[in-house]
Amino acid sequence: MLLAETGAPTWSWNLLTDFQDMWSYPFMVNAFRAGAVVAVVSAVVGWFVVLRRQTFAAHTVSAVAFPGAAGALLLGFSAVYGYFTLCVAAALVIAALRGGGEHEESALTGTVQAFLLASGFLFTALYRGLLEGPQTILFGTFLGITSSQVSVLTVVGAVVLAVLALIGRPLLFASVDPQVAGGRGVPVRALSVVFLVLLGAATAEASQITGTLLVFALMVIPAATAQVLTARPALSLTLAVLLAFAATWLGLTAAYYWPYPLGFFVTTIAFAGYLLALGRRSLREVLGRTRAGAAPGAKEVVA
Amino acid sequence: MTVPLAASPLSHPFFLHAFLAGTAIAAACGLVGYFLVLRAQVFTGDALSHVAFTGAMAALAFGADLRLGLFAATIAMALLFGTLGRKARPDDVVIGSVFSWILGLGAFFITIYTTSRSTTNGTAGISVLFGSIFGISSSSAVVAALVAAGVGLLVVLIARPLLFATLDEAVAAARGVPVRLLGYGFLALAGISAAEATQAVGSLLLLGLLAAPAGAAIRLTDRPYRALALSAGLAVLEMWAGLFASYAVPKMPPSFAIMAAATAVYAATFLIRRPVPGPRTRTVVPTRT
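Chains as they are written, first to last, in my numbering: chain A, 312 to 614; chain B, 543 to 831.
Following this line, the structure appears as structure tokens:
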């Protein structure tokens with residue numbers, strides 16, 4: 312699809328000309344801008360997701376973007392509205408019905424997810440005008456990002472980050488030790504609701520780029536990688552942002568030159584980083600064990 | 543559902559195949575799903591169902607039978623998840639990272655399949671994602687029903703030790719129950735049923751069949767065996783309701799109708815008061831062996 316448009320671009324190993332070449336297309340510039348915003352916002356939100364062990368909820372909220380987009384198109388609105396409405400709504404449903412114990416929560420999350428995905432399928436079945444079908448919504452595209460979309464992304468991203476900056480400290484406390492935080496008067500439950508809403512907004516943003524199924528990759532993998540590399544909060548947060556950013560931009564570059572979906576490149580690059588981080592950790596463990604002469608307690612504690 | 547209404551769709555072969563395969567698949571999913579919910583492994587089930595998509599797409603891209611990919615990918619991934627986790631219970635973040643990459647890989651294979659192989663089946667990806675129960679042929683319906691029946695039978699056979707190992711792992715291990723082996727076995731069964739159910743409701747939606755009936759059953763009763771049976775029964779009824787509803791309203795895809803029925807039943811259980819108010823205590827399983 313892209314090859315026909317741009318006349319088979321080739322990678323020349325000259326970074327400057329390559330980027331000049333890529334950025335001569337407005338859609339690529341928009342894609343890189345949007346990618347940068349999305350990477351930063353989802354990495355920061357995702358860092359808390361990983362810390363709070365809410366990956367399943369995050370996946371559900373991101374999957375829900377699909378019926379949102381399909382439903383909005385069916386009703387004649389822009390997909391953007393659908394993304395935001397349904398992602399935030401699903402976050403609120405999960406937040407409202409939480410607290411029934413571990414199994415109940417996961418059964419509930421799973422049901423919400425499956426039902427909404429099924430609704431998305433119904434909407435696409437009803438809406439015959441959807442040209443590319445569900446595949447684009449599910450796996451993402453970077454070809455159609457407009458400048459106005461980039462500004463919406465930036466504004467929403469800035470709001471999400473601002474709110475997170477405000478509640479960051481108590482949220483960190485509540486995530487690491489909810490019981491103690493509750494005892495000290497931190498509103499644990501309210502924070503958790505606010506956080507889920509932020510998660511919904513961030514997901515709705517990212518869905519437009521990577522597709523609803525792969526947002527989750529951008530949220531979880533860089534954060535998980537960073538938390539494997541270091542246990543210090545500020546450092547691992549920074550690392551997560553950098554990793555997500557690198558994965559997105561490298562992915563965009565790769566997707567420009569090869570005719571495969573962007574989502575594939577982004578997830579593969581991010582996952583390769585994760586594997587490298589895990590490899591580094593086990594290497595250090597092995598080295599540490601031999602150096603310490605199999606001392607007990609050599610096991611690294613991961614936050 | 544009245545009898546005359548039910549009699550007419552059953553005269554169509556495609557509906558009969560869907561009914562046969564669907565019933566067995568729903569029963570197996572209900573049984574496996576109960577343990578998934580009880581063991582708080584719903585996320586694992588979710589990941590397995592998404593892996594099914596990649597497996598199917600990889601098989602198509604390499605020109606193999608779709609079902610081969612489904613089963614190979616889900617079972618391999620189930621065992622991998624078991625290995626990654628302590629005592630065959632994988633960690634959320636690890637699952638999330640692995641399976642989101644696998645999904646990306648699925649997107650890759652679907653591109654290969656739709657671009658490089660000059661095929662007319664451009665919607666193969668969609669039918670794997672969302673299922674095509676009305677497209678099941680008679681032979682694959684029989685195979686699906688047999689495999690699902692086998693899975694259901696195995697779950698019932700290991701139900702007792704598995705329940706013990708789930709509810710109180712430490713005591714079970716001390717009593718000589720092979721907790722780890724059961725964990726692996728159960729994950730493999732979950733993988734098989736995920737692969738199986740993908741044909742009926744699709745890899746994105748089968749989580750509903752795993753989670754909703756089990757969640758409803760657990761809300762309705764505290765007694766393990768009753769909940770297990772209830773979960774399977776509800777899954778089958780929801781499958782039937784979905785099939786008939788989608789037959790009555792042709793515009794409605796069957797997968798959606800099944801999910802809608804499952805969600806409605808689960809939502810209804812929230813209106814019913816629990817049998818035992820307050821936080822549920824761990825159910826004691828008779829330990830006589």
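Note that beta-carbon positions come from the ideal geometry of N, C-alpha and C, so glycine has one too.
Within chain A, the residues that Phe650 of chain B reaches when beta carbons sit closer than 7 Å: For this step, residue 650 of chain B is matched to residue 108 along the second sequence. Result: Tyr571, Pro572 and Phe575.
7 Å Cβ cutoff met for Phe651 of chain B and Met599 of chain B: In the second sequence, the residue the question calls residue 651 of chain B occupies position 109. In the second sequence, the residue the question calls residue 599 of chain B occupies position 57. Note that the C-beta distance between Phe651 of chain B and Met599 of chain B is below 7 Å.
Supposed close pair Phe343 of chain A, Leu589 of chain A - CB separation, criterion 8 Å: Reading the first sequence from its first residue, position 32 is the one you call residue 343 of chain A. Reading the first sequence from its first residue, position 278 is the one you call residue 589 of chain A. With 8 Å as the limit, Phe343 of chain A and Leu589 of chain A do not qualify as a contact, their Cβ atoms being about 29 Å apart.
Neighbouring residues, chain B, relative to Val531 of chain A (Cβ below 7 Å): Counted from its first residue, the first sequence places residue 531 of chain A at position 220. Chain B residues near Val531 of chain A: Val635, Gly638, Ser639 and Ser642.
Distance, Tyr336 of chain A Cα to Leu327 of chain A Cα: The sequence position of residue 327 of chain A within the first sequence is 16, counting from 1. The sequence position of residue 336 of chain A within the first sequence is 25, counting from 1. Rounded to the nearest angstrom, the two C-alpha atoms are 15 Å apart.
Residue closest to Thr458 of chain A, alpha-carbon to alpha-carbon, out of A:Arg591, A:Gln490, A:Met339 and A:Arg600: One-based indexing of the first sequence puts residue 458 of chain A at position 147. Reading off the sequence, residue 458 of chain A comes out as Ser, not Thr. That would be A:Met339, whose Cα lies nearest to the Cα of Ser458 of chain A.
Distance CB(Leu397 of chain A)-CB(Tyr438 of chain A) smaller than 7 Å: Within the first sequence, numbered from 1, the residue matching residue 397 of chain A stands at position 86. Within the first sequence, numbered from 1, the residue matching residue 438 of chain A stands at position 127. No. Outside cutoff.
Contacts of Met599 of chain B in chain A (Cβ-Cβ under 9 Å): Taking the first residue of the second sequence as 1, we reach residue 599 of chain B at position 57. For Met599 of chain B, there are no C-beta contacts with chain A under 9 Å, since the nearest C-beta of that chain is about 11 Å from it.
Min CB distance Ala790 of chain B to chain A below 7 Å: Stepping through the second sequence from its first residue, residue 790 of chain B is reached at position 248. Chain A contact via Cβ: absent.
Stretch-stretch touch, CB-based, cutoff 8 Å, three pairs: the stretch 607-623 of chain B with the stretch 767-787 of chain B: The stretch 607-623 of chain B vs the stretch 767-787 of chain B: no contact.
Touch test, the stretch 799-817 of chain B against the stretch 739-758 of chain B, Cβ-Cβ under 8 Å, three pairs minimum: Using a C-beta cut-off of 8 Å, the stretch 799-817 of chain B makes contact with the stretch 739-758 of chain B, since at least three inter-stretch Cβ pairs fall below that distance.
Beta-carbon neighbours of Gly757 of chain B, restricted to chain A and to distances below 9 Å: The count along the second sequence starts at 1 and reaches residue 757 of chain B at position 215. The answer, in chain order, is His414, Glu415, Ser417, Ala418, Leu419, Gly421 and Thr422.
Enclosing alpha helix (DSSP H) for Thr549 of chain A [first to last residue]: Here residue 549 of chain A refers to the residue found at position 238 when the first sequence is read from its first residue. First-last of the alpha helix (DSSP H) with Thr549 of chain A: Pro544 to Tyr568.
Residues in the stretch 560-584 of chain B having any Cβ partner in chain A nearer than 9 Å: For the stretch 560-584 of chain B, which is checked against every Cβ of chain A, the residues closer than 9 Å are Gly575, Leu578, Val579, Leu580, Arg581, Ala582, Gln583 and Val584.
4-residue-minimum alpha helix (DSSP H) runs that sit fully inside the stretch 499-541 of chain A, ordered along the chain: Those alpha helix (DSSP H) runs which fall completely within the stretch 499-541 of chain A and span 4+ residues are 499-521 and 526-540.
Cross-chain neighbours of Ser430 of chain A in chain B, by beta carbon under 9 Å: Counting from one through the first sequence, the residue named residue 430 of chain A turns up at place 119. Within chain B, the residues near Ser430 of chain A are Phe798, Met801 and Ala802.
Distance, Ala714 of chain B Cα to Glu416 of chain A Cα: Along the first sequence, read from residue 1 onward, the residue named residue 416 of chain A stands at position 105. Along the second sequence, read from residue 1 onward, the residue named residue 714 of chain B stands at position 172. Taking the straight line from one Cα to the other gives about 25 Å.
Secondary structure, alpha helix (DSSP H): runs of 4+ residues fully inside the stretch 316-402 of chain A: Complete alpha helix (DSSP H) runs here, min 4: 326-333, 337-362, 366-374 and 376-386.
Near-chain B residues of the stretch 490-511 of chain A - C-beta to any C-beta below 7 Å: Listed in sequence order: no entries.
Exposure of Trp334 of chain A, with buried meaning 16 or more beta-carbon neighbours within 10 Å: The residue labelled residue 334 of chain A in the question sits at position 23 within the first sequence. The residue in question, Trp334 of chain A, is exposed, as its Cβ has fewer than 16 Cβ neighbours within 10 Å.
Gln583 of chain B (DSSP reduced to helix, strand or coil): Walking along the second sequence from the start, residue 583 of chain B turns up at place 41. DSSP places Gln583 of chain B in coil when its eight states are reduced to three.
Residue from B:Ala569, B:Val697, B:Ser553 and B:His554 whose Cα sits closest to the Cα of Met781 of chain B: Counting from 1 along the second sequence, the entry for residue 781 of chain B is found at position 239. Distance check between Met781 of chain B and each of B:Ala569, B:Val697, B:Ser553 and B:His554 places B:Ala569 closest, using alpha-carbon atoms only.
Chain B within 7 Å of Arg364 of chain A, Cβ atoms only: As a first step, residue 364 of chain A is located in the first sequence; it is residue number 53 there, counting from the start. Closer than 7 Å: yes.
7 Å Cβ cutoff met for Ile532 of chain A and Tyr571 of chain A: One-based indexing of the first sequence puts residue 532 of chain A at position 221. One-based indexing of the first sequence puts residue 571 of chain A at position 260. Not a contact, by the Cβ cut-off of 7 Å.
Any chain A beta carbon closer than 7 Å to Pro795 of chain B: Position 253 of the second sequence, counting from 1, holds the residue named residue 795 of chain B. Between Pro795 of chain B and chain A, the shortest Cβ-Cβ separation is below 7 Å.
Separation of Phe561 of chain B from Leu552 of chain B, as counted between CA atoms: Working through the second sequence from its first residue, we reach residue 552 of chain B at position 10. Working through the second sequence from its first residue, we reach residue 561 of chain B at position 19. If I take the Cα positions, the gap works out to 8 Å.
Among B:Leu751, B:Gly597, B:Pro795 and B:Ala736, the one whose alpha carbon lies nearest that of Val807 of chain B: For the purposes of this step, residue 807 of chain B is taken as residue 265 along the second sequence, with counting starting at 1. Proximity to Val807 of chain B across B:Leu751, B:Gly597, B:Pro795 and B:Ala736 peaks at B:Leu751, based on C-alpha coordinates.
Interface flag, Ala754 of chain B vs chain A, CB-CB below 7 Å: Counted from its first residue, the second sequence places residue 754 of chain B at position 212. Taking 7 Å as the threshold, the shortest C-beta distance from Ala754 of chain B to chain A falls below it.
Range covered by the alpha helix (DSSP H) that runs through Pro720 of chain B: By one-based count along the second sequence, residue 720 of chain B stands at place 178. For Pro720 of chain B, there is no enclosing alpha helix (DSSP H), as DSSP marks it with neither H nor E.
Straight-line Cα distance separating Gly393 of chain A from Gly574 of chain A: Counting from one through the first sequence, the residue named residue 574 of chain A turns up at place 263. Counting from one through the first sequence, the residue named residue 393 of chain A turns up at place 82. Answer to the nearest angstrom: the Cα atoms are 21 Å apart.
Close-in-space but distant-in-sequence residues of the same chain around Gly572 of chain B (CB under 6 Å, 5 per side omitted): Counting from 1 along the second sequence, the entry for residue 572 of chain B is found at position 30. Cβ within range, chain order: Pro755, Ser773, Ala774 and Ala777.
Any chain B beta carbon closer than 7 Å to Phe367 of chain A: Here residue 367 of chain A refers to the residue found at position 56 when the first sequence is read from its first residue. Under the Cβ criterion of 7 Å, Phe367 of chain A is counted among the residues facing chain B.
Whether Ala563 of chain B touches Ala736 of chain B by CB criterion (7 Å): Locating residue 563 of chain B in the second sequence gives position 21, counting from the first residue. Locating residue 736 of chain B in the second sequence gives position 194, counting from the first residue. When the beta-carbon positions are compared, Ala563 of chain B and Ala736 of chain B stay at least 7 Å from each other.
CA-to-CA distance, Ala809 of chain B to Leu428 of chain A, given in whole angstroms: Position 117 of the first sequence holds residue 428 of chain A. Position 267 of the second sequence holds residue 809 of chain B. In a straight line, the C-alpha of Leu428 of chain A is about 17 Å away from that of Ala809 of chain B.
Residue from B:Ser591, B:Leu610, B:Val574 and B:Ser642 whose Cα sits closest to the Cα of Leu695 of chain B: The count along the second sequence starts at 1 and reaches residue 695 of chain B at position 153. It is B:Val574.
Cβ contact (3+ pairs, closer than 8 Å) linking the stretch 509-517 of chain A and the stretch 464-479 of chain A: The stretch 509-517 of chain A vs the stretch 464-479 of chain A: in contact.
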